[in-house]
Amino acid sequence: MTRRPALKPGPDGIVRLAGGNPQIAKGYGDEIVQRYIAAMPGWQSEVGRRLDAVITQTLPDVEKAVKWNSPLYGTETDVWFLGFHCLTRYVKVSFFQGAHLDPVPPGTSKQAHVRYLDIYETDEFDAGRFAEWVKQASLLPGERM
Numbered sequence: 001m002t003r004r005p006a007l008k009p010g011p012d013g014i015v016r017l018a019g020g021n022p023q024i025a026k027g028y029g030d031e032i033v034q035r036y037i038a039a040m041p042g043w044q045s046e047v048g049r050r051l052d053a054v055i056t057q058t059l060p061d062v063e064k065a066v067k068w069n070s071p072l073y074g075t076e077t078d079v080w081f082l083g084f085h086c087l088t089r090y091v092k093v094s095f096f097q098g099a100h101l102d103p104v105p106p107g108t109s110k111q112a113h114v115r116y117l118d119i120y121e122t123d124e125f126d127a128g129r130f131a132e133w134v135k136q137a138s139l140l141p142g143e144r145m
C-alpha cells in the first residue's frame, strides 16, 4: 500500500486539510478560534468572522475552542452547541441539537438531532436568523466532547 505524501504548510505555516480546512492544534479560548478563522481560505475567512461575531454578540460569555480542526461554541467548557468547518465550496455550520430549533436549519444529518447550515460564497447570510438559532441552541443540552 502506498503512503500519501505528508501535507505541507502554506506560506503562513498552516497546513490545510481536505477542502482547505485549516489544521489548528486543539486549544481553548478566543485566540485559538481567531487563529483558525484567519487561516480559513479566501472568502471563507470572512464567513468565519461573521459567524464568530454574531455568536459573540448574541452570547457574550460563550465558551470557544478548536477541536478536531473545527471551532466549537458552548455555554460551558467541553459542552458544545455549535461548530463549523471548511469544505471546498462552502462552510458547514453544525447545530448539534438542530432538530429542536425553530425553524429547523435546512441541512439534514445521519445523526437524529444534528442539522446543518451550508454557506456558499454567493449566499446571502441572514444574521438575524442565525442569531436566533444561536440563542435557541445555547438553551438546549450541548454535546460533551
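With UniProt numbering, the residue at position 69 of the sequence shown is 69, and numbering never jumps.
Even for Gly, the Cβ is constructed at its ideal location relative to N, Cα and C.
Given the structure is predicted, the values throughout are model-derived calculations rather than measurements.
Cross-strand partners of residue i (DSSP beta bridge)
i	result
His85	Lys92
Glu139	Per the sequence shown, residue 139 should be read as Leu rather than Glu. DSSP, once it has assigned bridges, lists no residue as partnering Leu139.
Ala65	Tyr28 and Leu72
Ile119	Val91
Arg144	Val79
Beta carbon of residue i nearer than 9 Å to that of residue j
i	j	result
Phe84	Leu59	no
Glu132	Phe96	no
Ala65	Val104	no
Leu72	Val93	no
Glu46	Glu63	no
Gly10	Met40	no
Tyr120	Ser70	no
Ala18	Thr88	yes
Cβ-Cβ separation, residue j to residue i (assumed contact under 8 Å), whole Å
i	j	result
His113	Gly128	At roughly 24 Å, the Cβ-Cβ gap does not stay under 8 Å, so His113 and Gly128 are not in contact.
Residue i in three-state terms, based on DSSP
i	result
Leu51	helix
Gly42	coil
Gly107	strand
Val79	strand
Arg4	coil
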